[in-house]
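Single-structure report; data block below.
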Amino acid sequence: MNWVLKRTGQSVFTVWAVATISFGLIRLMPGGAEDIIVARIHESQGSDVPAEVIREQVQHRINIDPNAPIHEAYLQYMGGLVRGDFGHSVYLNRDVATILAEALPWTIFLMAISTLLTFGLALSLGAMMAYKEGTRFDISQTGVAILTTSIPYYVAAVLFIAYLGNRTSIFPARGRYPAVVEPGFTIQFIVGSFHHAILPAASFVLTVYGLTALAMRGNSIQILGEDYVRVARLRGLSDRRIALRYVGRNAVLPMYTSLLISIGFMFGGSIILEELFQYPGIGYYMYQAIEYQDMPLMMGTFLVITVAVVIALFVGDATYSKLDPRIKSGDDSESY
Amino acid sequence: MTVSPTEGDREPQTDGGEMFATAELTQISRRQRYGEWFQEAVREPFSIAWEDWRMKVGLTIILGFIAMAALAWVSSSTFWVLENVTILEEPISNQGPQSLQPFESSDHLLGTDNQGRDILAGVVHATPMMLQMILAGAVFATVMATAVGTVAGYKGGTTERILMTISDVAMTIPGLPLVIVLVVLINPQNPWFIGIIITINVWAGIARTIHSQVLTLREHSYVEASRTMGISTPRVIQKDILPNLMPYITVNFVYSARRVIYDSVALYFLGILSFQTVENWGVMMNLAYQTAGALYNPATTYMLIIPMIPIIVLSFGLILFAQGTDRLFNPRVRTRQSGRTEPTEDADDDTPRVPQ
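Residue numbers (our numbering), protein chains in the order written: chain A, 765 to 1100; chain B, 451 to 806.
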């Protein structure tokens, strides 16, 4: 219980810190988002726009009154965020919150597939390599893992799009679902969605699994040599039980942090992947926002991606404490 | 994790060298001392590491890129006599026919892009800036992480709580979106600065790893001995803690370097970082993607594929290098290196990994 409280507090603190940073980037930084918005207004409506009009428009777009003292503007901005008001996108002429609410499920769908497949592939392959240490399978798979890890995910994406998407059309290279299918709870729609998610997910999975697989392999080999594994064998426990409970579990634990970090990495990477695949999720809109200098949309997507990652990490951490009962609740190390 | 206390013992200074040195009969000249230091700290580790094929290949690749950068620097430099030395022309528009396929002309070995720029020249001349970014980013990330991780882990108490909370927050913020927002708002041009922005929160994850290592190290008896002898905290960190962290620091240096390559190329590729010339492999990919339709047109795909090759090869070299340091840092692998024929890599767990 103590742990849950502490971890929740930390998550809330992170979200607050990021919101504050984003306020700072909008308001305080010279040449920051607010200045860009004002410049855009001048650009589109002439340089002699009355100050009052600018004030209103800026406030409408990002919830920050440019003339208010800083603490008031801060409270106003944070209040807006708490109410779910991320401002108004100029380029799409819609509320940022509506755009993001529509896009977020798709990004989560894509990320969930990629994450699960990556971890599944990496952990099982790593364990298999460890069991067959030194065999041809192990050596060749180690080579493949190092090689695929050297390929950036967007390079894989570009190759997939060029060769599997555009040239041969084996897989769709753009969009979230087939254009002819109505969104709804139908089989065509669901199958179509998965079909469209294959290439983006594969770009991630095939280029990210390698290092995790190698780490899993190393950990498993080490644990296979431990005495308690031998004792478990002597006790006549089933291989399956030994592989899962004795070896697998202990091999995964030290890697947990890096697994969690890779969730954040994947969400971040969605900006590039979704743009390449024209897949309108959060990342796609962030890219659009940058291209059209749409500051409210850009800051909104940044915040939403962060919150998504914070939640994912929270869930991840919670499962960690289930796997590892040794989690300490307090800090009991001596200070000097 | 295995930490070898012998690592600390190898350092002649840590065991209170002065106390016995005065009693020593033989006088050691300064030259001898440096010679010994070189032998112990550079040559031996190097020859051990060199036996690993991964280290050989990885180091060769990295040196190859440094040579490529030197070549580009000499060719483009206007410094003194170097002004007259041009081994490979800088890429300029219309220096050759447009959209020349690779391996068709000996003047333009890798072909030209749709504006007649030599692709080989583009690849080579992008290297110096890339290496600057890598160096800046990787140094920033590792130094930051090492400082935060060791101080937090060793000091404990409130310092630890504050530093680790900051790291946790920084680690949670997804890197690329933060970098993109900063790049859009700041619009950096200087390669050193770009490198630092890219690793703006990469240090946090590494600091966590180092912190947890320090937590186990600080309980070792030789650290406790130093502390009870009244040796100051910075000195204990420097002499007893840091040498044991070298594997983590090296490996993470390499992985931050890889991160800088990935992200900088991505930022140029998507056109988020502005550019004037073909100054990055990402720029070449961007132009191929945006202006030459390389995704659809098989005739121009080479413009997209060729700049991808140095990216992949360089990160391949870096990863091999990181994997190869196993043998160097892992005492278990190291002690049996002479005896066994086929060294297994069961030490892999000891090299920390930050996957991305």
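Beta carbons are placed, not taken as given, at the ideal position from N, Cα and C, and that holds for glycine. Note that this is a predicted model, so its numbers are computed, not measured.
- With a threshold of 7 angstroms between beta carbons, residue 845 (chain A) makes no contact with chain B.
- The C-beta of residue 873 (chain A) comes no closer than 7 angstroms to any C-beta of chain B.
- Following the DSSP letters along the chain, one finds residue 736 (chain B) inside the alpha helix (DSSP H) bounded by residues 731-740.
- The DSSP-derived three-state label of residue 899 (chain A) is coil.
- Annotated three-state conformation of residue 661 (chain B) is helix, per DSSP.
- Looking at the backbone, the Cα of residue 484 (chain B) and that of residue 573 (chain B) are separated by about 41 angstroms.
- Between residue 563 (chain B) and residue 753 (chain B), the C-beta spacing is below 7 angstroms.
- When B:541, B:584, B:631 and B:603 are compared, the shortest CA-CA separation from residue 1057 (chain A) is found for B:631.
- Counting other Cβ atoms within 10 Å of its Cβ, residue 955 (chain A) stays below 16 and is therefore classed as exposed.
- In this chain, the alpha helix (DSSP H) harbouring residue 997 (chain A) covers 991-998.
- Under the three-state reduction of DSSP, residue 858 (chain A) is assigned to strand.
- Pairing residue 654 (chain B) with residue 714 (chain B) gives a Cβ-Cβ distance that is not under 7 angstroms.
- Interface with chain A (7 angstroms Cβ-Cβ cutoff): residue 655 (chain B) is included.
- Residues of the segment 952-979 of chain A with a C-beta less than 8 angstroms from any C-beta of chain B: 972, 975, 976, 978 and 979, listed in chain order.
- Residue-level contact check: residue 1036 (chain A) touches chain B, since one or more beta carbons of chain B fall below 7 angstroms from its beta carbon.
- Interface flag for residue 594 (chain B) against chain A is unset, since no Cβ pair is found closer than 7 angstroms.
- In the displayed model, residue 853 (chain A) falls within a strand according to three-state DSSP.
- Judged by DSSP in its simplified three-state form, residue 649 (chain B) adopts coil rather than helix or strand.
- For residue 626 (chain B), the nearest CB of chain A lies under 7 angstroms from its own CB, placing it at the interface with that chain.
- Residue environment for residue 780 (chain A): exposed (fewer than 16 other C-beta atoms within 10 angstroms of its C-beta).
- Residue 787 (chain A) places its beta carbon less than 7 angstroms from that of residue 838 (chain A).
- Chain A has a Cβ within less than 7 angstroms of the Cβ of residue 716 (chain B).
- Of B:481, B:602 and B:761, the smallest CA-CA separation from residue 581 (chain B) is found for B:761.
- Counting only the Cα atoms, residue 1064 (chain A) lies some 57 angstroms from residue 999 (chain A).
- For residue 1022 (chain A), the closest of B:650, B:658 and B:673 by C-alpha to C-alpha distance is B:658.
- Listed along chain A is no residue with a C-beta nearer than 9 angstroms to that of residue 562 (chain B); the closest approach is about 20 angstroms.
- In the three-state reduction of the DSSP assignment, residue 829 (chain A) falls in the coil class, being assigned neither a helical nor a strand state.
- At least 7 angstroms separates the CB of residue 1082 (chain A) from every CB of chain B.
- Residue contact check for residue 930 (chain A) against chain B: a CB pair falls below 7 angstroms.
- In the DSSP assignment, residue 562 (chain B) is bridged to B:568.
- Excluding residues up to 5 positions away in sequence, 559 and 560 lie with their Cβ nearer than 6 angstroms to the Cβ of residue 570 (chain B) in the same chain.
- The beta carbon of residue 848 (chain A) lies closer than 7 angstroms to those of 861 in the same chain, with the five residues before and after it left out.
- By the Cβ criterion, the segment 1028-1046 of chain A is in contact with the segment 938-949 of chain A, since at least three pairs of Cβ atoms, one from each stretch, lie closer than 8 angstroms.
- Looking at the backbone, the Cα of residue 509 (chain B) and that of residue 958 (chain A) are separated by about 42 angstroms.
- Residues of chain B whose Cβ lies closer than 9 angstroms to the Cβ of residue 936 (chain A) do not exist, since the nearest Cβ in that chain is about 14 angstroms away.
- By the 16-neighbour rule on beta-carbons within 10 angstroms, residue 865 (chain A) is exposed.
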